[in-house]
Structures are given as C-alpha cells and as structure tokens.
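Inspection log for the structure reproduced underneath, given as structure tokens.
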Amino acid sequence: MGALYLLAPVLGWALLALLILRWSAAQPLPQQNSTWLIYLWIGSAMMLQLCLIIGHVDFNLGLAKLIKSTVGWAKGWALLSIFVVLGFCLNVRYQLICRAACVIGLIALLLTPLLVFAYATGLPGHLYVSPLKILGGAGAEYFTVILYEIDPFNGAPRWRFFAPWAPAVGFVANLYFLCAWFEKDFKWRLVGLLGNALMILMAASRMGMLVMLIVPLGVWALSRLTRPWIIISAACCVLGLVLLFEPVSQQLMTLLGDIKAARADSTRVREALANIALYRWQAEAFWFGHGAVETGTHLVEFMPIGSHHNWYGLLFVKGMVGFLGFLIPFLVTACVLLVKAQYQVSSRLALSMCLILGFFSLSENIEALAYLTWPAWLLIGIGLRSSIQDIDTNNSNLLAQFRLLSERLNTQTERPVEAN
C-alpha cells in the first residue's frame, strides 16, 4: 500500500523511454491532422519547467529546492503531457480503460461495507504510513492508509479510499464514472456506475456530486451538435433561459449559496487562499511566478498558498507565462475533441475527461493528483488520434457516415499506388 504515488511516474517515464527508442528506430510520430497538438503539449511541459527555473532564480530558492521542484515537475506537469503523448502514439484501446474503471467500481462495492463497519464499531481510522514515503518526497497524506476520517468542520465521517484527501476521491471517481458510462457490457457498466457513484457520495465531495450529474448530460448533448433536433432544442432552452433569466439566476445563486454553506469553513479557507494567491502574484511575480508554493498562515489553516485551485496555483507558482502555457493547449485540445466527438466515440470519452478536469481545476491542483488522474490524460491522447474503429456507426449521424465514406475512398485510392 502507498505505492500508487510512485507507480504512475515510473510507468509514464518508462513508456516514454520505450517510445523514444521506437522513434530512434525509424518509427516516427504518427502523422495525423492532430499531430501538431502533441507537439503543443510537449512545448507546454517545457514551458512550465522554464517558468519553474526562472521563479527559483528570481527568489533565490537555492539549487536543492530547484532539484526537488524539478522532480515534482517530472511527477506532475510533465506527466500530464507524457500520458497525452502516450495515448496518441501507442495503440491503446479506450475500452481497456473503461473495463478497468468498472473493476475499480466493483472493488469499491466490496470494500464499502468493511469501511462503514470500521467507522460504526469505532475502529482506528488511520492504520499506518507506508514506508515507501521515504522514496516519494511528498506529504504523508499521499502514503497514509486509512479506513475513514472525521471532517474537522462538521464532525461527519468521510471516506477517501485510495486518495490523499476526500475531495480527490470525488475527482477520480468521476473520471472512472464516465469511463464506466462508455463500457459496452451492461453488467460491467452497471457495476462500474454504482461503485464509482458510491465513492463520490461517501467522499462527501460537493463538486463531485455536481459534476456527476452535469457532465454525462453535457457530453451527450455536446457530441450531437450536428443533429438538427439538438440544435433546435438548444435554441429553445436558450430562449427559455432568456425569458426566465431573473428567477433562474436567483435559484442558481441560492443553490450556490447552499453548497458553500454546507461546509462554510472550507469555503472561507478556499476564498482566502485564492485572494492571497492573486494578490501576491500581481504584486510580486507577474510573469514567471514564485517557483514554489508557500505555507500559509493561521488565516488559511496553514494551507499552502497556491493550492486548492489549479489556475490560481499556476499564476502564483508559474506566473502568467506558465498559466497560458497550460491553458492554451488544454483549451485547444478541448475544442478539437468537441469537433471529433461529433463522429468518434473515443473522442466523446476524451471530451468528458476534459470537462471533468476543467470543473475540478477550480477546486484542486491538477498536477498534484497526476498519479491518480493519468488514465484521463491517456484517454485524451487516444481521443485525439483518428481511428476508423471508433467512428459512430449510427445511421442518423451524417458526419460519421461522411467520415466512413472518406476513409473508404482513401483506402481505394491507396491500393493502386501500392500495387504499382
């Protein structure tokens, strides 16, 4: 136990090394319409490392701190780009990841009665800290094996399963929930959906519950934008929202207030962290950031400045250059996947990963959980890759039918050339 934090970086960098060896053996990067996006992600990782170095030099953090931060970059920001590249270049089927997500759901269903029993009978919540912590260089929470924990704000029990903190379970379980949604076998799909939904509920993650309801419906609609009845329905909904804007906006604000009030102390800490990070970024390190997070005061419960929000954290640590260095490839990737999702199933799953990552970037540091979310980045790379096997075969999808026809024509025109 506790090896998850080390497994993902080792796996990612080892597969990248094998991929580079394959490139050196005259097997270049697959040439497709979206190949340029892969180079954009590689450039993003390099840009973030450059910002890290400049930030350390500007604030005289020292060589030892720079080396430690570079290792953190290799386990975080670099790992995100690596798995996008691997998903695009390696012949990995998205169905394999969907089935694995369902297996995790099954494990959650089997473990939940034991975890609830441990809380009900008063067994110790924290079991031990893995000795592998000595190799990780991260906080003890990444290597602690626990049965349950008590929320310090309201005294209620929360379960974080394999994650370092409870909201992270809501994050990762949502990724697996959408993977289970795309599982083709009905029994496995049902098990995966139930198991991962149960993890989200037991984590008591507000964002997790909200995303679990919104993203499946959103992906379903966004992947059918070329169908006339979807466009007409969307136009009617927009018209209705315009006519009922005031009551709808009031209800949404009330709902948002209730969500924040559910854990008011947590909301206060997050808002204070955001305000401090923004102020210090603008006042002290606008372009390249501070190079590293800093421990906060008692006002923010000693939480690190630059944590609990991906974008504020990027501004504080990497500055405007690092912020744009990650935002641009992420947004461009989402737009490309939105287009490909109209006719390719794997791109729909990848688009759902982007939506979940986008939502949770407002409450989590994406790079800190790279060791858990790497399947999502692998799926994004798979979704960027054009695959005739993943094209939607529904006859009502005209764009998919056009894509299939185009592939057949290309195949027929290539055969005479090969024969000659």
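Everything in the sequence shown is counted per the numbering used here, starting at 1106 for the first residue and increasing by one.
Don't be surprised by glycine CBs; every beta carbon is placed ideally from N, CA and C.
Sort the options by Cα distance to residue i and report the nearest one.
i	options	result
T1140	G1424, G1230, F1193	F1193
V1250	L1240, G1260, A1268, A1243	A1268
T1217	P1434, L1404, M1304, V1444	M1304
A1243	F1258, F1407, A1108	A1108
A1245	W1270, A1261, P1262, I1187	W1270
G1488	V1176, G1167, N1196	N1196
A1261	Y1224, V1274, F1291	Y1224
Q1200	N1165, D1290, L1215	D1290
P1257	S1371, I1496, P1434	S1371
Leaving out five residues on either side along the sequence, give the residues of the same chain with a beta carbon under 8 Å from the beta carbon of residue i.
i	result
V1190	L1121, L1124, I1143, W1146, I1147, G1486
N1301	A1206, I1209, G1210, A1213, A1278, N1279, Y1281, F1282, A1285
R1385	H1395, I1410, F1421
V1437	L1142, L1145
M1312	P1272, G1275, F1276, F1464, F1465, L1467, S1468
Q1356	none
S1338	none
G1230	A1223, Y1224, I1251, L1252, Y1253, E1254, I1255
Is residue i near residue j, with beta carbons less than 9 Å apart?
i	j	result
F1464	I1319	yes
G1220	Y1253	The amino acid at residue 1220 is misidentified as Gly; the sequence shows Leu. Yes; because the gap between Cβ atoms is below 9 Å, this pair is in contact.
G1430	F1421	no
L1432	A1455	no
A1307	F1266	Position check: residue 1307 holds Met in this sequence, whereas Ala was assumed. Yes. Within cutoff.
W1118	L1153	no
W1482	L1184	yes
P1321	S1457	yes
G1181	E1469	no
A1377	L1404	yes
V1324	R1453	yes
By Cβ distance below 6 Å, which residues in the same chain neighbour residue i in space, the five residues on each side in sequence not counted?
i	result
C1207	A1285, E1288, W1293, V1296, G1297
P1087	Missing from the structure shown is residue 1087; the chain here goes from 1106 to 1525 and no further.
S1174	L1157, A1397
A1113	Y1476, W1479
W1264	L1220, Y1253, M1307
L1215	none
L1474	A1273
What is the rounded straight-line gap between the Cα of residue i and the Cα of residue j?
i	j	result
L1442	S1491	11 Å
E1523	Q1137	Only weak support exists for where E1523 lies, its pLDDT of 46 falling under 50; the value from the coordinates is given anyway. Roughly 20 Å between the two C-alpha positions.
G1071	R1375	Since the displayed the chain opens at 1106 and closes at 1525, residue 1071 lies outside it and no answer follows.
F1350	M1358	12 Å
C1459	A1439	6 Å
L1346	L1116	47 Å
I1461	L1232	31 Å
M1314	W1392	36 Å
A1326	Q1449	14 Å
S1451	L1467	25 Å
I1202	F1276	17 Å
L1228	R1127	52 Å
R1204	A1169	42 Å
L1299	Q1387	45 Å
V1343	V1444	21 Å
L1348	M1317	28 Å
L1155	S1149	10 Å
G1362	A1382	23 Å
G1607	F1222	Outside the displayed span of the chain (1106 to 1525) sits residue 1607, for which this structure offers no information.
I1335	V1176	47 Å
F1188	N1165	32 Å
S1354	L1360	10 Å
R1373	P1434	31 Å
I1496	A1340	27 Å
Between residue i and the ligand GDP, is the CB less than 8 Å from at least one heavy atom?
i	result
I1381	In the structure on display, the ligand GDP does not appear, and there are no ligands present to speak of.
Going by beta carbon distance, what residues of the same chain come within less than 7 Å of residue i, once the five residues before and after it are set aside?
i	result
A1390	G1160, D1163, G1424
N1525	Bear in mind that a pLDDT of 42 at N1525, under 50, signals an unreliable position, so the number given afterwards is only what the model happens to contain. Once the five neighbours on either side are set aside, N1525 has no close Cβ partner at all.
A1379	H1414, Y1417
L1419	G1427, F1428, F1431
F1407	T1400, G1401
S1186	W1146, I1147, S1149, A1150
Check the Cβ-Cβ distances between residue i and every residue of chain C, and say whether any is below 9 Å.
i	result
F1164	Absent from the structure is chain C; it holds one protein chain and no more.
- [ ] Could you say if the segment 1224 to 1242 and the segment 1329 to 1345 meet the contact criterion of at least three C-beta pairs nearer than 8 Å?
- [x] They do not touch, by the three-pair rule.
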